[in-house]
Amino acid sequence: MGKAKRVGGKRVASKSSRSSSSTASAPAPPPPSDPETALPLATALVERGELAEALQLAQHVLSSYPTHLTTLELVGTLLLDLGKPVEAKSAFDRYVAVDQNNASVLLYLAQLSAAKDAVAWYQRAGQVLEAKLAAAGGDVAELKEKISEALCGIAEIYLTDLCFEPEAADTCLTVLHRAIQVDPSNPDPYLTLASVQISNSQPLDAKSTLQSSLAQWLQPFMAYLSMLSDPEKMMELERTNAVPDPPRLPTFDARLNAVRLCLELGLYGRAFDVLGVCMQEFDESVEAWYLFGWTYFLVGTASAEAKPTTEVAGIEVAVELPEDEVMDARSSRDEWWSDAIECLQRAKALYERQNYDDVPLLQHVEELLAEMAAKGVFASADGAGEDDDNAEDDDGEWEDMEL
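Residue numbers (full-length UniProt numbering): 1 to 403.
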């Protein structure tokens, strides 16, 4: 049964064979094109990490509903996640052609645009968010954070693309002060303002601003870590279901920027504190190890001076060294420099392993190592070398530096 047989001189399949063949070759049903059915499926794909498949489904929806706003936003964000910023901007452009009241889309457009176009989108996002803030009740923390983000974005554009515009300096200061006013707990505008104040030859103001930024998150986070290390305190908090959430931290890159500002303004002890927080999150950062090495170098240099200072924008600023307990752990400049060399060598090893691309950073590492070597200072005998085999301990992780 089921064999092909000849009928009237032609070879045809039996009924059962034709039925089986028909069933096997039935095409798969087309994906749904209506948003109500398709978008939950696309969201499920995103949650499973299948971004390309989710994008394909969302784009299929747009073929039937080209102005469906939720789908346009989803397509734009998926294209961004897939590393296609030009196509993402096109999707967001289609969105704002229909509606300009979605602050998230406006902020995406601002980040994907340049110069005055970026400023215009940041300003529009700020207007939308300010209106929502005025009408909102209850918890408005997220709205304030986004307004501050938009204002910081405007400042960054005027510090880069539009830095030669006559209104650049005044605009930067205006939007940054407004960002701090709207969301005083956000450390980011303080960091940008400190950079502006350094550029304006106001190092003492910059130092005060930077300390205000660190006060927003560094001290609370260090207190939080201290709480976590206290077993009795944690047991009591867990018993009463009162364990607090960790304080909000700036992004990893923002924290590294804070370290650079600390070094520029002579806050060497604070630089160590921020780097310690960074290392808890990611201990294979080339820049973090480089900054650790630079901090050790600067502290070692300053430790040999009675009243160490650093020059910022032509003005002498007093250096603030780490606490006495940390300073007393090393008895001479050369001990600090030995640790600096170890950190810089680790930075070099990671640089090579990760194919890192920051030539000025590598040049500064080489300059610091050459300066210390010229004065007869080298890494301790058990320190990390430049080779990958020596750069890591047996567990594959960097050993903790003792501050």
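Just so it is clear, CB atoms sit at the ideal spot from N, CA and C, and this is done for glycine as well.
Legend entry - Element boundaries [alpha helix (DSSP H), containing residue 310]: Per DSSP, residue 310 belongs to no alpha helix (DSSP H); it is in the beta strand (DSSP E), 309-312.
Inset, instruction - Starting from residue 136, trace the beta strand (DSSP E) both ways and give me its first and last residue. - result: Neither: residue 136 is in no beta strand (DSSP E) and is coded neither H nor E.
Inset, instruction - Decide if the stretch 286-304 is in contact with the stretch 234-248; the criterion is three or more beta carbon pairs, one per stretch, under 8 Å apart. - result: Put simply, the stretch 286-304 does not touch the stretch 234-248. Fewer than three CB pairs are less than 8 Å apart.
Inset, instruction - Pair every Cβ in the stretch 232-243 with every Cβ in the stretch 197-207, then say whether three or more of these pairs are closer than 8 Å. - result: no
Legend entry - Which listed residue (50, 60, 49, 316) has its alpha carbon closest to that of residue 35: 60
Inset, instruction - For residue 67, I'd like the list of residues in its chain whose CB is within less than 7 Å of its CB, leaving aside the five on either flank, ordered along the chain. - result: 98
Legend entry - residue 372, buried or exposed, once every other Cβ within 10 Å from all chains shown has been counted against 16: buried
Inset, instruction - Could you tell me whether the Cβ atoms of residue 262 and residue 271 are closer together than 8 Å? - result: Their beta carbons are under 8 Å apart, which means residue 262 touches residue 271 by this criterion.
Legend entry - Rounded straight-line distance, which links the Cα of residue 210 to that of residue 230: Between the C-alpha atoms of residue 230 and residue 210 there is a straight-line separation of about 30 Å.
Inset, instruction - Could you tell me which of 73, 256, 55 sits nearest to residue 289, measuring between CA atoms? - result: Nearest of 73, 256, 55 to residue 289, Cα basis: 256.
Inset, instruction - Going by DSSP, name the residue or residues bridged to residue 318. - result: 309
Inset, instruction - Label residue 358 either buried or exposed according to how many other C-beta atoms from any shown protein chain fall within 10 Å of its C-beta, with 16 as the threshold for buried. - result: exposed
Legend entry - Touching by the beta-carbon criterion (3+ pairs, under 8 Å), the stretch 344-361 and the stretch 321-333: no
Inset, instruction - Put residue 426 into one of helix, strand or coil per three-state DSSP. - result: Residue 426 is absent from the model: the chain starts at 1 and stops at 403.
Inset, instruction - Give the secondary structure of residue 298 by DSSP, where H, G and I count as helix, E and B as strand, and everything else as coil. - result: Residue state, collapsed to three classes: helix.
Inset, instruction - May I ask you to list the residues that DSSP assigns as paired with residue 267? - result: 320
Inset, instruction - Throw me the rounded Cβ distance for the residue 269 and residue 322 pair, which I believe falls under 8 Å. - result: 4 Å
Legend entry - the stretch 101-114 contacting the stretch 74-92, beta-carbon criterion three pairs below 8 Å: yes
Inset, instruction - Less than 8 Å between the CB atoms is what I'm expecting for residue 147 and residue 159, so what's the real figure, rounded? - result: Going by Cβ atoms, the distance from residue 147 to residue 159 rounds to 19 Å, so no, they are not a contact pair.
Legend entry - residue 62 vs residue 75 beta-carbon contact at 8 Å: Yes, these two residues count as a Cβ contact at 8 Å.
Inset, instruction - Leaving aside the five residues before and after residue 55 along the sequence, list all residues of the same chain whose C-beta is less than 6 Å from its C-beta, in chain order. - result: 78
Inset, instruction - Answer yes or no: do residue 217 and residue 184 have a C-beta to C-beta separation smaller than 8 Å? - result: no
Legend entry - Where the alpha helix (DSSP H) through residue 97 begins and ends: Note, residue 97: premise wrong, no alpha helix (DSSP H); not H, not E.
Inset, instruction - Kindly indicate which residue of 165, 164, 302, 33 has the alpha-carbon position closest to the one of residue 337. - result: Its Cα nearest to that of residue 337, the residue 302 stands out among 165, 164, 302, 33.
Inset, instruction - Starting from residue 153, follow the alpha helix (DSSP H) in both directions and report where the run begins and ends. - result: 141-159
Inset, instruction - For residue 354, name the three-state secondary structure that DSSP assigns. - result: coil
Legend entry - Inter-stretch contact at 8 Å, needing at least 3 Cβ pairs: the stretch 155-171 / the stretch 118-131: yes
Legend entry - DSSP three-state assignment for residue 37, whether helix, strand or coil: Three-state result, residue 37: helix.
Legend entry - residue 243 in three-state terms, based on DSSP: coil
Legend entry - Cβ-based burial, residue 57 [other Cβ within 10 Å; buried from 16]: buried
Inset, instruction - Could you tell me the distance, in whole angstroms, from the CA atom of residue 32 to the CA atom of residue 135? - result: 38 Å
Inset, instruction - Quick one: give me the first and last residue of the alpha helix (DSSP H) that residue 210 is part of. - result: 203-228
Legend entry - Of the residues 286, 233, 90, 317, the one placed nearest residue 205, counting alpha carbons only: Answer by Cα proximity: 317.
Legend entry - Residue-level contact to chain B via CB, residue 109, 8 Å cutoff: Given the protein chain composition of this structure (a single chain), no chain B is represented.
Inset, instruction - Could you pull out every residue in the same chain whose Cβ sits closer than 6 Å to the Cβ of residue 315, ignoring the five residues on either side in sequence? - result: 203
Inset, instruction - Below 6 Å CB to CB, which residues in the same chain sit around residue 178 once its five sequence neighbours on both sides are set aside? - result: Cβ neighbours of residue 178 beyond the five flanking positions: 151.
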